[in-house]
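**Student:**
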Amino acid sequence: MEDVHASKPSDWLQLPPIFNYTQKYLELIAQNGSKPCHNIATKKVQLFGFPDFKEGDTYVKINTGEIHTLLLVAFDDLDQKRCAGGDYFETEISGSNWKSRAPVFDLQDGSYKILLQMHPSFAGVYRFRVILGFSNFHGLHRRPQQWFRNETVVDMHIEFVNEEHDSSGVIHLPRLNQCTKEDFQLDSWLGRWVSFGHNPSCSVDKRGRFRCLDAKARCSDPWCRGPIAALESNGWVYSAHCAFRIFTQDDAWRCLNKKWIFFWGDSNHVDTIRNFLNFVLGFENILEVSRRFDATYYRHPSQYVRITSMFNGHSNTSQNHEGLYSLHDDAYRERIAEFFREGTAPDAIIMNSGLHDGVYWKHLYQFVEGADKAVEFWTSLLNGLQGSKPRVVYRTTITTAGWARAASFNPHKMEIFNNIIVEKLKKANLLWGVVDGFDLTYPWHFDHNCSDGVHYGKPPAAVQWYGQLGHQYFVDLMLVHILMHALCVS
Numbered sequence: 012m013e014d015v016h017a018s019k020p021s022d023w024l025q026l027p028p029i030f031n032y033t034q035k036y037l038e039l040i041a042q043n044g045s046k047p048c049h050n051i052a053t054k055k056v057q058l059f060g061f062p063d064f065k066e067g068d069t070y071v072k073i074n075t076g077e078i079h080t081l082l083l084v085a086f087d088d089l090d091q092k093r094c095a096g097g098d099y100f101e102t103e104i105s106g107s108n109w110k111s112r113a114p115v116f117d118l119q120d121g122s123y124k125i126l127l128q129m130h131p132s133f134a135g136v137y138r139f140r141v142i143l144g145f146s147n148f149h150g151l152h153r154r155p156q157q158w159f160r161n162e163t164v165v166d167m168h169i170e171f172v173n174e175e176h177d178s179s180g181v182i183h184l185p186r187l188n189q190c191t192k193e194d195f196q197l198d199s200w201l202g203r204w205v206s207f208g209h210n211p212s213c214s215v216d217k218r219g220r221f222r223c224l225d226a227k228a229r230c231s232d233p234w235c236r237g238p239i240a241a242l243e244s245n246g247w248v249y250s251a252h253c254a255f256r257i258f259t260q261d262d263a264w265r266c267l268n269k270k271w272i273f274f275w276g277d278s279n280h281v282d283t284i285r286n287f288l289n290f291v292l293g294f295e296n297i298l299e300v301s302r303r304f305d306a307t308y309y310r311h312p313s314q315y316v317r318i319t320s321m322f323n324g325h326s327n328t329s330q331n332h333e334g335l336y337s338l339h340d341d342a343y344r345e346r347i348a349e350f351f352r353e354g355t356a357p358d359a360i361i362m363n364s365g366l367h368d369g370v371y372w373k374h375l376y377q378f379v380e381g382a383d384k385a386v387e388f389w390t391s392l393l394n395g396l397q398g399s400k401p402r403v404v405y406r407t408t409i410t411t412a413g414w415a416r417a418a419s420f421n422p423h424k425m426e427i428f429n430n431i432i433v434e435k436l437k438k439a440n441l442l443w444g445v446v447d448g449f450d451l452t453y454p455w456h457f458d459h460n461c462s463d464g465v466h467y468g469k470p471p472a473a474v475q476w477y478g479q480l481g482h483q484y485f486v487d488l489m490l491v492h493i494l495m496h497a498l499c500v501s
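Residue 442 in this note's numbering sits at position 431 of the sequence shown, and the numbers go up by one each step.
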């Protein structure tokens, strides 16, 4: 991540805009190995910035509302501070009703800035963890498994308190408003999952569903708007710099009637489309959709939506591990282009690439070249359209979970790939907006409760799943509603 200046205490913490990101990382990787300390691994860390314990305190106490800056310093096995960056730290702030990450900024001198913030409504005790995933940019290897560290370097509890500040009282954060068109312009998000109305006795039903809340349960203002029970999340909901709408079936149809949505991306798109059809549009009998299809779905003769899916994991739908390289295939490119010669273009395009790219490209500069060619293809295609252009939304690649944290599509690599693609698409003026699937999934990526490693939307099933009965699928349902919000906002 880029370095960032902490906002005023009354502001929500946000990530800075992506600027010169691709060039910076190409230079960092080119320089890696040019100094002796590049080849020295981090053996331990020290964390600075927390206040001292006060007598009688059980936990470190810090104020809600404020943005707190910590400094994590990496040392080698001789207790010497490292002089280079490149370590990838995963972070977690978690409690019974809040889950988020704490952003980490690599200062490129062996130290890392970490920022913390908690909303005053959620004052309480939280677990704070920092895990060293990879050292020395090793997560960018094509096959990085041997370099995966997975070492917990910080594991502590923090008490966020609503302490009054002189005569001004407790620091309050600006109210979260419903997301507008402008809110989707942010390059990357920094949100949180919060929980309301948790049902502790809820368990998976015979169909693998978690229908824990009363169907009439509504979102808690201002964290979302609509029927929260529709997420089947037992009260969990995601918000970012703005709050999202949970759509009823009628609302969804009012928005999407007679629309054409074009998906280009990996198999997470396949899950999202199926969940969209099952849970939002009411087609519960559709058990699966294929990687590549073009179909029109009718609610009744006057209400329908057309969905097209072009899998980009490989130019051959039965194979994997090409990603952006799938566009090298003439027949594949032509198949996509045919959809844009019909006289009317799709109303919206939802794009993604990343997981398969993580396996295919040997080096970062090769991925950058692939991204350039992909942007060139889509620019040529969309600029050739007559009439109105589609609303192009880029859904960033998920944070891979569990075993996949060590894989070719690990979070370190995917975060960098996401930022590079977003930067290039924006520079080409192709994007209407971004939906940050990486931040959305990040708080749930440490285990397999919500993911098989590379998917967050596998269909509900009351079967064994990584040592438990059934799995959570609400993270992808949240994504469905966020995409709906992006498509429907005026």
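Idealized CB from N, CA, C, for every residue including glycine. Predicted model, so just to flag it, every value in this text is computed and none were measured.
Does the distance from the CB of G276 to the CB of N323 come in under 8 Å?
**Tutor:** Their beta carbons are under 8 Å apart, which means G276 touches N323 by this criterion.
**Student:** S231 to A359, Cα distance in whole Å?
**Tutor:** Cα-Cα distance, rounded: 30 Å.
**Student:** Rounded to the nearest angstrom, what separates K19 and L393 at their Cα positions?
**Tutor:** Below a pLDDT of 50, predicted positions are generally treated as unreliable, and K19, at 44, falls in that range; the measurement from the model is reported next regardless. Distance between the alpha carbons of K19 and L393: 41 Å.
**Student:** Give me whichever residues DSSP pairs with S250 in a beta bridge.
**Tutor:** R203.
**Student:** For my contact list, D470 and R220 are in at a C-beta cut-off of 8 Å; report their separation, rounded to the angstrom.
**Tutor:** Note that residue 470 corresponds to Pro in the displayed sequence, not to Asp. Not confirmed; about 10 Å, so no contact.
**Student:** For A306, which three-state DSSP category applies?
**Tutor:** If DSSP states are grouped into helix, strand and coil, A306 belongs with the strands.
**Student:** Would the region 342-360 count as touching the region 375-387 if we require 3 or more Cβ pairs under 8 Å?
**Tutor:** Verdict: no, contact absent.
**Student:** In the DSSP output, what is H311 paired with across the bridge?
**Tutor:** H311 is bridged to Q314.
**Student:** Are L184 and A251 close, meaning C-beta to C-beta below 8 Å?
**Tutor:** Result no, Cβ atoms of L184 and A251 do not sit closer than 8 Å.
**Student:** Confirm, please, whether the CB-CB distance from H492 to F133 is below 8 Å.
**Tutor:** Not in contact: F133 and H492 (Cβ atoms no closer than 8 Å).
**Student:** Between S462 and the rest of its own chain, which residues show a CB-CB distance below 6 Å, the 5 nearest in sequence each way excluded?
**Tutor:** Around S462: A412.
**Student:** At which residues does the beta strand (DSSP E) containing I297 begin and terminate?
**Tutor:** Where I297 is concerned, there is no enclosing beta strand (DSSP E), given that its DSSP letter is neither H nor E.
**Student:** Could you check what DSSP says for M129 in three-state terms: helix, strand or coil?
**Tutor:** Three-state result, M129: coil.
**Student:** Please classify H168: does DSSP put it in a helix, a strand, or coil?
**Tutor:** Strand at H168.
**Student:** For H496, I'd like the list of residues in its chain whose CB is within less than 7 Å of its CB, leaving aside the five on either flank, ordered along the chain.
**Tutor:** Same-chain partners within the cutoff: C190, F255, R256.
**Student:** Hey, quick one: how far does the beta strand (DSSP E) through S111 stretch, first residue to last?
**Tutor:** Counting along the chain, the beta strand (DSSP E) containing S111 begins and ends at 109-111.
**Student:** Please report how far the alpha carbon of M425 lies from the alpha carbon of V486, in whole angstroms.
**Tutor:** Looking at the two C-alpha atoms, the distance is approximately 18 Å.
**Student:** Go to G121, then tell me how far its beta strand (DSSP E) extends in each direction, as first and last residue.
**Tutor:** Note, G121: premise wrong, no beta strand (DSSP E); not H, not E.
**Student:** Could you tell me the alpha carbon to alpha carbon distance between V172 and I182, rounded to whole angstroms?
**Tutor:** In a straight line, the C-alpha of V172 is about 11 Å away from that of I182.
**Student:** Leaving out the 5 sequence neighbours to the left and right, which residues in its chain are closer than 6 Å to D14 when beta-carbon positions are compared?
**Tutor:** Summary for D14: the model assigns pLDDT 39, below 50, so the residue's position carries little reliability, and this model does not support an answer.
**Student:** Is it right to say H16 is buried, meaning 16 or more other beta carbons lie within 10 angstroms of its own, or is it exposed?
**Tutor:** Bear in mind that the predicted position of H16 carries a pLDDT of just 39, short of 50, making it unreliable; the figure below should be weighed with that in mind. Result: exposed.
**Student:** Could you give the distance in angstroms between the alpha-carbon of L480 and the alpha-carbon of A241?
**Tutor:** L480 and A241: Cα-Cα distance of roughly 21 Å.
**Student:** Shortest alpha-carbon distance to D447 belongs to which of N147, R203, R229?
**Tutor:** Residue R203 is the option with its Cα nearest to D447.
**Student:** My output table needs one value for W345: the three-state DSSP class, helix, strand or coil.
**Tutor:** Note on residue identity: the sequence assigns Glu, not Trp, to residue 345. Here E345 sits in helix by DSSP.
**Student:** From what residue to what residue does the alpha helix (DSSP H) around I182 run?
**Tutor:** Taken as a continuous stretch (DSSP letters only), I182 belongs to no alpha helix (DSSP H), as it is neither H nor E.
**Student:** One question on the structure: do F100 and L81 come within less than 8 Å of each other, judged by their Cβ atoms?
**Tutor:** Contact: no.
**Student:** Evaluate M167 with the Cβ neighbour count: other Cβ atoms within 10 Å of its Cβ, from every protein chain shown; 16 or more gives buried, anything less gives exposed.
**Tutor:** It is exposed - the Cβ of M167 has fewer than 16 other Cβ atoms within 10 Å.
**Student:** Tell me which residue opens and which closes the beta strand (DSSP E) that F86 is part of.
**Tutor:** Start and end: 79-86.
**Student:** Under 8 Å, do N188 and C253 count as touching if we go by C-beta distance?
**Tutor:** Result yes, Cβ atoms of N188 and C253 sit closer than 8 Å.
**Student:** Rounded C-beta distance between I198 and I361? I'm assuming under 8 Å.
**Tutor:** First, the amino acid is wrong: residue 198 is Asp here, not Ile. Contact doesn't hold; Cβ gap of about 17 Å is too wide.
**Student:** Between the alpha carbons of G478 and G354, how many angstroms are there, rounded?
**Tutor:** Approximately 51 Å, taken between the alpha carbons.
**Student:** Could you have a look at F420 and say whether DSSP puts it in helix, strand or coil?
**Tutor:** Three-state DSSP puts F420 in coil, outside helix and strand.
**Student:** May I ask which residues mark the beginning and end of the alpha helix (DSSP H) holding S278?
**Tutor:** Taken as a continuous stretch (DSSP letters only), the alpha helix (DSSP H) holding S278 covers 278-286.
**Student:** Could you pull out every residue in the same chain whose Cβ sits closer than 6 Å to the Cβ of Q119, ignoring the five residues on either side in sequence?
**Tutor:** Same-chain partners within the cutoff: G96.
**Student:** So for V141, helix, strand or coil by DSSP?
**Tutor:** In this structure, V141 counts as strand in the three-state DSSP scheme.
**Student:** Is the Cβ-Cβ distance between Y371 and Y336 less than 8 Å?
**Tutor:** A contact, by the Cβ cut-off of 8 Å.
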